[in-house]
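Numbering that gives the first Met the number 0 applies: residue 0 is where the sequence shown begins, and numbers increase by one.
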Amino acid sequence: MQISVNGEVEQIEPQSLENYLFNKSLLGRRIAVERNGDIVPKSQFSDVILEDGDVLEIVHAIGGG
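Here you go:
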């Protein structure tokens, strides 16, 4: 299936958002995820099953002073 992540098209197997983030070494990092225009709370990462045509925006939180 095909999804778009930060404007880049990717071919992936059906999986949960949590599994996708784990495979990209993003799980546990300070990130925010938007799926099809809606913010996904971290508590729901394992419940969200990615579907063909999904559009994800993944933003890394950067600290500073």
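Note that the Cβ used here is the ideal one computed from N, Cα and C, for glycine as well. Remember, it's a predicted structure, so these values are computed and weren't measured experimentally.
Roughly how many angstroms separate the alpha carbons of Glu50 and Asn5, rounded to a whole number?
16 Å
Are the CB atoms of Ala31 and Val58 within a distance shorter than 8 Å?
At a Cβ-Cβ threshold of 8 Å, Val58 and Ala31 count as neighbours.
Residue of Gln43, Gly36 and Arg34 minimising C-alpha distance to Glu17
Gln43
Nonlocal neighbours in the same chain, by C-beta distance under 6 Å from Ile3, ignoring five residues either side
Residue 3 is actually Ser in this sequence, not Ile. Once the five neighbours on either side are set aside, the close Cβ partners of Ser3 are Val54.
For Gly74 and Arg34, I'd like the C-alpha separation in whole angstroms.
The shown model of the chain, from 0 to 64, leaves out residue 74, and the question about it has no answer.
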